[in-house]
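In the numbering used here, the protein residues as written are -18 to 70.
We treat Cβ as the ideally placed atom computed from N, Cα and C, and that holds for glycine.
Quick notes on the structure that follows.
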Amino acid sequence: MSGQLWIRSDEWVGSEIEDSYVMVNIESGKYVALNLTASAVWNAMESPVDQAAIERAMCDAFDVTPENCHRSVSALLGQMQDLQLVSCA
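Written as structure tokens, this is what we have:
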């Protein structure tokens, strides 16, 4: 997905609660809790961003190899897309 931008959905609002970031969909009422890593990915998408930039931010923030980071970020973005937290343009 090189060159494509990941964008947060504006239908979700959230707040940090203890070690999680709890989010509620203002349209459907569904909610999710993001762990520390998922919260960091969400925060990296404050503005539209490509996957490589997200991965760089995660490698800077966590002790992870670029290969493991790529796999983890790819999987997480897929899950976030399935939940309609984010979209890719």
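By the three-class DSSP mapping on this structure, what secondary structure does residue i have?
i	result
Ala42	helix
Leu66	coil
Leu(-14)	strand
Ser55	helix
Glu36	helix
Glu8	coil
On the premise that residue j lies in contact with residue i, defined as a C-beta separation below 8 Å, what is that separation, rounded to the nearest angstrom?
i	j	result
Val45	Ile35	Going by Cβ atoms, the distance from Val45 to Ile35 rounds to 12 Å, so no, they are not a contact pair.
Cys69	Trp(-13)	6 Å
Met26	Arg(-11)	5 Å
Leu64	Val13	6 Å
Along the chain, where does the beta strand (DSSP E) containing residue i start, and where does it finish?
i	result
Ser28	No beta strand (DSSP E) holds Ser28; DSSP gives it neither H nor E.
Glu(-3)	-7 to -2
Going by DSSP, name the residue or residues bridged to residue i.
i	result
Ala14	Val3
Taking Cβ positions, are residue i and residue j nearer each other than 8 Å?
i	j	result
Val54	Met61	no
Met4	Gly10	no
Ile7	Glu(-8)	yes
Leu58	Gln32	yes
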